[in-house]
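*Asks:* Before I ask anything, here is the structure I am working with.
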């Protein structure tokens, strides 16, 4: 999409055409048929623009509130990189708690973080190298009745000192697709390191190595409904610890830091088993979960925690250990079949098992459902029959 098409899309005729495209999809037309109908009155570029927006708005409900997604504007890559609204809301709340009042978003994309920060009461401005994304970011603020502005500009050449906080979300895609190498990011890792010399927050890939985090910078790993989504680097007065794991859910959020009590004791499996959230694992805070459930580690190198006490914790899935089963496949099959188990959930860590393939080879057909955990303890393979309980 080019800027003239964007201007038409945001005009009165473009808005009417967008409503028509949305209605056609709602009536059950597929994209091809809807496009054919739209081209009766629109140019090919116009029809493609409104149909793309109607499709992306449907997809956007996975990241944004439905009422927001229905009014916002997206590009495909902008939607993919946009922060989920609950995560962005958490980040904005941290900025408000730090008494930040103004924010510059360096690489704002379609404006997901701008929206969250503006709603939290910050005065926001955004820039993006891509003119279409920058125009959509400004349009999204306006569509949602929020203050702020966005424009096309090179973030690396801007003076950010007038703003309390600088935020950046480097693009992690190149000509060969997504890249997890910081040297491939735009803006570059050198720019990010320089930015972290002031009060700043930088969204990065959750696989970022701990060794890459500059001294004095807080690294926060964030999961949303149990799915690890991102890491964020906080610098200056915004950094409050070294490592943090935050789990976000519709019911609220909880956080662990490297200052919390830990327990690195390794002990035999007890009555209960805990599987830490991926944000906790990436942050290296499994031992904090162990302390929180009055337990220890099953193995010093694996992220399973055990305890004789029953806890429901936001930082881990909780299981009651019912019995130990054979871990070798043939004996395991016989044990499961003798118990009438047909539907099997397989959890695994530290063992070379592909759950889908193992489930197929077991060929179970009973009427009972069960969950097993395949892992290692005391240097050997183990299998436990477990029962999930509680809610994270």
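Residue numbers (this note's numbering): 953 to 1344.
Every residue gets a Cβ at the ideal spot worked out from N, C-alpha and C, and that includes glycine.
What you are looking at is a predicted structure, and each value in this text was computed from that prediction instead of being measured.
Within the same chain, show all residues whose beta-carbon is closer than 6 Å to that of residue 1048, passing over the 5 residues directly before and after it, in chain order.
*Replies:* The residue labelled residue 1048 in the question sits at position 96 within the chain shown. Taken in chain order, the residues that qualify are 1072.
*Asks:* Is it buried or exposed, residue 997, if we count other Cβ atoms within 10 angstroms and call 16 or more buried?
*Replies:* Along the chain shown, read from residue 1 onward, the residue named residue 997 stands at position 45. Answer is exposed; the Cβ neighbour count stays below 16.
*Asks:* Using 8 Å as the threshold, is the region 1216–1225 in touch with the region 1282–1292, meaning 3 or more CB pairs across them?
*Replies:* These segments do not touch.
*Asks:* Within 10 angstroms of its Cβ, does residue 1163 collect 16 or more other Cβ (buried), or is it exposed?
*Replies:* Position 211 of the chain shown, counted from the first residue, corresponds to residue 1163. It counts as exposed.
*Asks:* Do the region 1173–1187 and the region 1063–1077 make contact, defined as three or more Cβ pairs closer than 8 Å?
*Replies:* No: the two stretches stay apart, fewer than three of their Cβ pairs being nearer than 8 Å.
*Asks:* Going by beta-carbon coordinates alone, are residue 1328 and residue 1273 separated by less than 9 Å?
*Replies:* Here residue 1328 corresponds to residue number 376 of the chain shown, with the count starting at 1. Here residue 1273 corresponds to residue number 321 of the chain shown, with the count starting at 1. Against a cut-off of 9 Å, the Cβ pair of residue 1273 and residue 1328 comes out as no contact.
*Asks:* So, helix, strand or coil for residue 1137, using DSSP?
*Replies:* Within the chain shown, numbered from 1, the residue matching residue 1137 stands at position 185. Coil at residue 1137, not helix or strand.
*Asks:* With a CB to CB cut of under 6 Å and the five nearest residues on each side skipped, what residues in its chain are close to residue 1143?
*Replies:* For this step, residue 1143 is matched to residue 191 along the chain shown. Hits under 6 Å: 1108.
*Asks:* Less than 8 Å between the CB atoms is what I'm expecting for residue 1042 and residue 1015, so what's the real figure, rounded?
*Replies:* Here residue 1042 is taken as the residue at index 90 of the chain shown, counted from 1. Here residue 1015 is taken as the residue at index 63 of the chain shown, counted from 1. Going by Cβ atoms, the distance from residue 1042 to residue 1015 rounds to 14 Å, so no, they are not a contact pair.
*Asks:* For residue 1090, which residues from the same chain have a beta carbon less than 7 Å from its beta carbon, with the 5 sequence-adjacent residues on both sides left out?
*Replies:* Position 138 of the chain shown, counting from 1, holds the residue named residue 1090. Same-chain partners within the cutoff: 1101, 1102.
*Asks:* So is residue 1338 buried or exposed if we call it buried at 16+ other beta carbons inside 10 Å?
*Replies:* On the chain shown, position 386 is the one that residue 1338 refers to. So residue 1338 ends up on the buried side.
*Asks:* How would you call residue 1259, buried or exposed, if buried means at least 16 neighbouring beta carbons within 10 angstroms?
*Replies:* Translated into positions along the chain shown, residue 1259 becomes position 307. With 16 or more Cβ atoms within 10 Å of its Cβ, residue 1259 is classed as buried.
*Asks:* Going by Cα to Cα distance, which pick from 967, 1160, 1039 is closest to residue 1202?
*Replies:* To locate residue 1202, count along the chain shown from 1; it is residue 250. Residue 1202 has its Cα closest to that of 1039, out of 967, 1160, 1039.
*Asks:* Taking the beta strand (DSSP E) that residue 1205 falls in, what are its first and last residues?
*Replies:* For the purposes of this step, residue 1205 is identified with residue 253 of the chain shown, where counting begins at 1. From DSSP, the beta strand (DSSP E) with residue 1205 extends over 1204–1209.
*Asks:* In three-state terms, what does DSSP make of residue 1326?
*Replies:* On the chain shown, residue 1326 is found 374 positions in, with the first residue counted as 1. Residue 1326: strand per DSSP, three-state reduction.
*Asks:* Please state the DSSP three-state secondary structure of residue 1013.
*Replies:* Working through the chain shown from its first residue, we reach residue 1013 at position 61. Reduced to three states, the DSSP call for residue 1013 is coil.
*Asks:* For a quick check, are the C-beta atoms of residue 1197 and residue 1234 less than 9 Å apart?
*Replies:* Sequence index remark: in the chain shown, residue 1197 carries index 245 (1-based). Sequence index remark: in the chain shown, residue 1234 carries index 282 (1-based). Contact flag set, yes.
*Asks:* Pick from 1145, 1119, 1088, 1225: whose alpha carbon is nearest that of residue 1058?
*Replies:* The count along the chain shown starts at 1 and reaches residue 1058 at position 106. Of 1145, 1119, 1088, 1225, the residue nearest in Cα terms is 1119.
*Asks:* What three-state label does DSSP hand residue 1212 in the structure shown?
*Replies:* Locating residue 1212 in the chain shown gives position 260, where the first residue counts as 1. Three-state DSSP puts residue 1212 in coil, outside helix and strand.
*Asks:* Answer yes if the region 1016–1031 comes into contact with the region 1149–1157, meaning at least three C-beta pairs across the two stretches below 8 Å, and no otherwise.
*Replies:* Not touching, per the Cβ criterion.
*Asks:* Based on Cα-Cα distance, which residue from 1077, 1046, 988 lies nearest to residue 1060?
*Replies:* Position 108 of the chain shown, counting from 1, holds the residue named residue 1060. Among 1077, 1046, 988, the Cα nearest to that of residue 1060 is on 1077.
*Asks:* Does residue 1331 have its Cβ less than 9 Å from a Cβ in chain B?
*Replies:* Absent here is chain B; the protein component of the structure consists of one chain.
*Asks:* Determine which residues share a DSSP beta bridge with residue 1298 and list them.
*Replies:* On the chain shown, residue 1298 is found 346 positions in, with the first residue counted as 1. Partner(s): 1324.
*Asks:* Would you check if there are 3 or more beta carbon pairs closer than 8 Å linking the region 1275–1282 to the region 1242–1261?
*Replies:* Short answer: they don't touch.
*Asks:* Given that a residue counts as buried once 16 or more other Cβ atoms are within 10 Å of its Cβ, and exposed if not, what is residue 987?
*Replies:* Start at 1 with the first residue of the chain shown, and residue 987 comes out as number 35. Its Cβ being crowded by 16 or more others within 10 Å, residue 987 is buried.
*Asks:* If you measure between the beta carbons of residue 1242 and residue 1226, is that distance less than 9 Å?
*Replies:* Locating residue 1242 in the chain shown gives position 290, counting from the first residue. Locating residue 1226 in the chain shown gives position 274, counting from the first residue. Yes.
*Asks:* Since residue 1241 is in the alpha helix (DSSP H), which residue starts that stretch and which ends it?
*Replies:* Indexing the chain shown from 1 puts residue 1241 at position 289. Start and end: 1238–1244.
*Asks:* Would residue 985 be called buried (16 or more neighbouring beta carbons within 10 Å of its own) or exposed?
*Replies:* Counted from its first residue, the chain shown places residue 985 at position 33. Residue 985 comes out exposed.
*Asks:* For the region 1099–1123, list the beta strand (DSSP E) runs that are entirely contained and at least 3 residues long, ordered along the chain.
*Replies:* Entirely contained in the region 1099–1123, the beta strand (DSSP E) runs reaching 3 residues are, in chain order, 1101–1104, 1117–1120.
*Asks:* Please report how far the alpha carbon of residue 1336 lies from the alpha carbon of residue 1181, in whole angstroms.
*Replies:* Within the chain shown, the letter at position 384 stands for residue 1336. Within the chain shown, the letter at position 229 stands for residue 1181. Distance between the alpha carbons of residue 1336 and residue 1181: 29 Å.
*Asks:* Just checking residue 1111 against the ligand GTP - is the residue's beta carbon closer than 8 Å to any of the ligand's heavy atoms?
*Replies:* Absent from the structure shown: the ligand GTP. Ligands present: none.
*Asks:* Considering only their Cβ atoms, is the gap separating residue 1244 from residue 1351 smaller than 9 Å?
*Replies:* Residue numbering for the chain in the displayed model covers 953 to 1344; residue 1351 lies beyond these limits and cannot be assessed.
*Asks:* DSSP beta-bridge partners for residue 1078?
*Replies:* Counted from its first residue, the chain shown places residue 1078 at position 126. Beta-bridge pairing links residue 1078 to 1057, 1102.
*Asks:* From which residue to which residue does the beta strand (DSSP E) around residue 1198 run?
*Replies:* For the purposes of this step, residue 1198 is taken as residue 246 along the chain shown, with counting starting at 1. It spans 1195–1201 - the beta strand (DSSP E) in which residue 1198 sits, taken as one unbroken run.
*Asks:* Which ranges would you report for the alpha helix (DSSP H) in the region 956–1024 if only whole runs of at least 4 residues count?
*Replies:* The region 956–1024 contains these whole alpha helix (DSSP H) runs: 964–978, 983–990, 996–1012, 1018–1021.
*Asks:* Taking DSSP as the reference, what is the three-state secondary structure of residue 1258?
*Replies:* Here the question's residue 1258 lines up with position 306 in the chain shown. Three-state DSSP puts residue 1258 in a strand.
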